[in-house]
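Engineer: Read in order, the letters of the sequence shown correspond to residues -5 to 457 in the working numbering.
Once you've had a glance at the structure underneath, I'll fire off some questions.
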Amino acid sequence: MLGLIGVAGLCAAPLAVATSLPSRGGPGGCTGGGHDGCSIPVGARWDRWDMAGSTYAYCYAGCPLPWLLNHSTVRYGNASVGDFAGVVGVDHYWTSQGVPCDSAGEPHEFGMQEELAAEWKSTFPGLRFLSYRILSAVPYDVSVHQKIISHPEYFIRWRTEPDNATKTAQQCAADGIGACGVGDVCYNNLSPCFNDPARINAPSHGCGFQIKAAAYNWSNPDAVDWYVESVIMRALNQTDGVFLDGNGYDNGAWMCSGVCCGFGATNSPLTQPEIDQFCSLETAVATRAREQLIAHGGWDCANCFKFMVESLPLASDTPTACAQKLVETAAWARNHSNYHAVVAYGYNTGAGGYNDSTADGAVAAFLLMRGQHWFFGIGVNAPCNPKHFPVKGRCHSDGCGKPCPPGSNSLDPATVALIVSDYGRPLGEMEPVPAKSFLYQRRYERATVQLDCSSYTGHVIPV
């Protein structure tokens, strides 16, 4: 069965974090930048109708790319695994969050993602690689760390000495990074992401400072300009856009901006009006970033896709329900103003709603319903990420800092044959097959694709 994976960007398992940090539900309330600023993707590279160029994956707990790379010369009839040209979001865990650090003690998350993109694109030149970015100032990359040093005014700082209760809540350090003196940059001193000595700040990583999240001072226009140009738009140098994560419970600096998890005006550097302003300004920054990305041919896969699973035909549906979903979704997809881009049978972190035994039905349904800028969610069997660090509590994959067991991150050849196929462009819309109950079809340039809702099976009839 294709593995399903959970929320992206988490540093520790939610249950493990929740037992050691304050409960959610504090004042404020923004841990992300919303979804504004999205529009229809720009450019021919986003306008693909072949399955090989119409898939979406997210490399986090598992990733299909290693398997695809290892099988890139395999052919399935007229299709080759080497034709793969899907959209792939890449979590910071897949590039070890920028560590180990270089000889100068600096991490290089952005550079590591760019190097990985170049490596994958050397085999799959049509692949669209979306780099992980975050709305918190986590110095996984040297550029963020150096900016904290050179321009501390770009980040939220302590303007007055906090009281003892606040120092305790913030777990303020006595000095250095994480101290809460007047003028000090506020940091996340709470999360095991940064405090567990076996994880990002392990001595073996050779970093010259302790990596912790800070919060951007969005009220500083120069900070906003720098973030958009040097953090977000940098992604278009070597990659094709971003997965823009929020500033939430694990890697975020919510205790500094007072927007989450028991922190607010009484125990953070900001007053309540400033907290409210932080939320509106962060939304404006994220909106500007997406507008600028998309205008230059990029994308934000975390926030601009419409992810659809439960509303689509599923193997568990009755024939009547399957047919109704098929007809309604196909009609909805004909009007591009209903969406910017769609990931069908997928969530922002991977596949959903089907497995290898039902993949032919799901792919057929996708091809019958789809409109322009539609993508099909794919995942792996036995997801594993060996670059996850060991954590207290549950891991998000079988790796957890250890080598993956045999069979991890595998794909079923029959499913792969479906997702690298190319039947050309559609010649018309979906139609019922005359005199056949629950049977629908759509003609493409090189094949007619059918879905039988009575058995949830797909059929391809070559032209």
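By construction, the Cβ of each residue, glycine as well, lies at the ideal position given by its N, Cα and C atoms.
Identify every run of the beta strand (DSSP E) within the segment 76 to 106, keeping only runs that are complete inside it and at least 3 residues long; order them along the chain.
Structural biologist: DSSP runs (the beta strand (DSSP E)) wholly in the segment 76 to 106: 81 to 84.
Engineer: DSSP three-state call for Phe203: helix, strand or coil?
Structural biologist: Coil.
Engineer: Run through DSSP, which three-state label would Gly471 get?
Structural biologist: In the structure displayed, the chain extends from -5 to 457; residue 471 sits before or after that span and is not available.
Engineer: For Gly355, which option in Arg193, Asn64, Val179 and Ser448 has the closest C-alpha, if you only look at C-alpha atoms?
Structural biologist: Among Arg193, Asn64, Val179 and Ser448, the Cα nearest to that of Gly355 belongs to Ser448.
Engineer: I need the DSSP call for Val321, collapsed to helix, strand or coil.
Structural biologist: In this structure, Val321 counts as helix in the three-state DSSP scheme.
Engineer: Based on the DSSP secondary-structure assignment, which residues constitute the bridge partners of Asp446?
Structural biologist: Bridge partners of Asp446: Leu433 and Thr451.
Engineer: Which residue marks the beginning of the beta strand (DSSP E) containing Phe123, and which one marks its end?
Structural biologist: Arg122 to Ile128 is the span of the beta strand (DSSP E), which, as asked, contains Phe123.
Engineer: Can you tell me which of Phe123, Gly452 and Ala167 puts its alpha carbon nearest to the alpha carbon of Ala359?
Structural biologist: Nearest of Phe123, Gly452 and Ala167 to Ala359, Cα basis: Gly452.
Engineer: Taking Cβ positions, are Ala168 and Arg122 nearer each other than 9 Å?
Structural biologist: Not a contact, by the Cβ cut-off of 9 Å.
Engineer: Taking the straight line between their C-alpha atoms, what separation do you get for Val385 and Asp416?
Structural biologist: Annotation note: pLDDT 39 at Val385 (below 50); position unreliable, coordinate value reported separately. Rounded to the nearest angstrom, the two C-alpha atoms are 43 Å apart.
Engineer: DSSP three-state label for Tyr438, please.
Structural biologist: If DSSP states are grouped into helix, strand and coil, Tyr438 belongs with the strands.
Engineer: Closer than 7 Å by C-beta to Gly346: which residues in its own chain qualify, once you throw out the five before and the five after it? Chain order, please.
Structural biologist: So the qualifying residues of the chain are Leu(-2), Val303, Tyr339, Gly340 and Gly371.
Engineer: Taking the alpha-carbon positions, what's the Gly252 to Gly292 distance?
Structural biologist: In a straight line, the C-alpha of Gly252 is about 31 Å away from that of Gly292.
Engineer: Let me check one thing: in DSSP terms, what residues is Lys141 bridge-paired to?
Structural biologist: According to DSSP, Lys141 bridges with nothing at all.
Engineer: Counting along the chain, where does the beta strand (DSSP E) carrying Leu460 start and finish?
Structural biologist: This structure does not reach residue 460, given that the chain is present from -5 up to 457, and the question cannot be answered.
Engineer: Output needed for Ser66: all residues of its chain with C-beta closer than 7 Å, excluding positions within five of it in sequence on either side, in chain order.
Structural biologist: Only Val75, Gly76 and Thr117 meet the Cβ criterion.
Engineer: Between the Cα of Pro380 and those of Met45, Tyr87, Trp43 and Gly47, spot the shortest distance and give me the residue it belongs to.
Structural biologist: For the residues Met45, Tyr87, Trp43 and Gly47, the minimum Cα distance to Pro380 belongs to Tyr87.
Engineer: Distance check for Ile413 and Gly71, CA to CA, integer angstroms please.
Structural biologist: Rounded to the nearest angstrom, the two C-alpha atoms are 13 Å apart.
Engineer: Quick check: what's the CA-CA separation for Asn403 versus Gly92?
Structural biologist: Each residue's Cα considered, the two are about 22 Å apart.
Engineer: Skipping 5 residues on each side, what residues in its chain have a beta carbon closer than 6 Å to that of His29?
Structural biologist: Closer than 6 Å at the Cβ level, and outside the excluded window around His29, lie Asn297.
Engineer: With the cut-off set at 9 Å, would you say Glu423 and Ala324 are in Cβ contact?
Structural biologist: Yes, the pair counts as a contact, with Cβ atoms nearer than the cut-off.
Engineer: Excluding the five sequence neighbours on either side, which residues of its own chain have a C-beta within less than 7 Å of the C-beta of Val176, listed in chain order?
Structural biologist: Result list for Val176: Trp152, Arg153, Thr154 and Glu155, in chain order.
Engineer: Can you tell me which of Leu184, Gly246 and Phe149 puts its alpha carbon nearest to the alpha carbon of Asp216?
Structural biologist: Comparing Cα positions, the closest option is Phe149.
Engineer: For a test of the three-state rule: what should DSSP assign to Val410, helix, strand or coil?
Structural biologist: Correct three-state label for Val410: helix.
Engineer: Taking only the alpha-carbon atoms, compute the straight-line gap between Pro263 and Cys250 and give it to the nearest angstrom.
Structural biologist: Approximately 6 Å between the Cα atoms of the pair.
Engineer: Is Ser344 helix, strand or coil when you go by DSSP?
Structural biologist: Looking at the sequence itself, residue 344 is Gly, so the reference to Ser does not match. Here Gly344 sits in strand by DSSP.
Engineer: Per DSSP, what kind of secondary structure is Pro460 in: helix, strand or coil?
Structural biologist: Residue 460 is absent from the model: the chain starts at -5 and stops at 457.
Engineer: What's the gap between the Cα of His102 and the Cα of Lys141?
Structural biologist: If I take the Cα positions, the gap works out to 14 Å.
Engineer: Between the C-alpha atoms of Ile226 and Asp135, what's the straight-line distance to the nearest angstrom?
Structural biologist: The straight-line gap from Cα to Cα measures roughly 13 Å.
Engineer: With 16 as the cutoff for other CB atoms within 10 Å, does Arg69 come out buried or exposed?
Structural biologist: Looking at its Cβ environment, which holds fewer than 16 other Cβ atoms inside 10 Å, Arg69 is exposed.
Engineer: Spell out a yes or no on whether the segment 318 to 332 and the segment 262 to 281 are touching, meaning 3 or more CB-CB pairs, one atom from each, closer than 8 Å.
Structural biologist: No: fewer than three Cβ pairs fall under 8 Å.
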